[in-house]
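Trainee:
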Amino acid sequence: MIETPARQSRVMAGRAWKNTYRLSDTQLERLDQAEERMEAMDLSEAEKILLEMLDESPLCVPVLSNLGHLYGRHLSDFEKAVEYYQMVLEIEPDNAWARDERRRYQRYLTYD
Numbered sequence: 001m002i003e004t005p006a007r008q009s010r011v012m013a014g015r016a017w018k019n020t021y022r023l024s025d026t027q028l029e030r031l032d033q034a035e036e037r038m039e040a041m042d043l044s045e046a047e048k049i050l051l052e053m054l055d056e057s058p059l060c061v062p063v064l065s066n067l068g069h070l071y072g073r074h075l076s077d078f079e080k081a082v083e084y085y086q087m088v089l090e091i092e093p094d095n096a097w098a099r100d101e102r103r104r105y106q107r108y109l110t111y112d
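Using my numbering, you'd call the opening residue of the sequence shown number 1 and step up by one each time.
1. Kindly give me the distance between the Cβ atoms of residue 102 and residue 85, rounded to whole angstroms, as I take these residues to be in contact under 8 Å.
2. At the level of alpha carbons, what is the spacing between residue 58 and residue 111?
3. Can the beta-carbon of residue 89 be found closer than 9 Å to that of residue 70?
4. Tell me the DSSP secondary structure of residue 54 in three-state form.
5. I'd like to check one pair, residue 54 with residue 63: are the Cβ atoms closer than 9 Å?
6. Which residues in the same chain have their Cβ closer than 8 Å to the Cβ of residue 96, if we skip the five residues on either side of it in sequence?
7. In the structure shown, what three-state DSSP assignment does residue 42 receive?
8. Have a look at residue 56 and residue 19 and give me their C-alpha separation to the nearest angstrom.
Put into C-alpha cells, the structure is as follows:
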C-alpha cells in the first residue's frame, strides 16, 4: 500500500473525523486504497475497488460519492457521475455536496 501523507496522519493520529457511516475497518481501508489509486492515476484499479465495494454495500454513501468523483473528475463520464450523485441524494436528500456535484456535471452534459 502506498503511504500518502494523508493516510500517515490518519494512522499516526488515529481517526481525526467521526465515522458517520459506521464503516468497518476493512471498508475504510478499501476506501483509502481507492483514493490512493485515484491520486496515483491508477483509475482502473480505483474503479475496480469501488465497484466491488458497491456490490457488497449498494447504499454506501462514501462509495457512491467516490464513484461520482471518479467518473466526473477523472474519467469525464458526466452521465455516470450524475447517476452516482443522484443515488447519494436518494439516500440523503439534504447532502449539499452531492447536490452541488450533480448540478455541476449536469451542466457539463449540456455543453456542446
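Just so it is clear, CB atoms sit at the ideal spot from N, CA and C, and this is done for glycine as well.
Mentor: Short version:
1. 4 Å
2. 31 Å
3. no
4. helix
5. yes
6. none
7. coil
8. 19 Å
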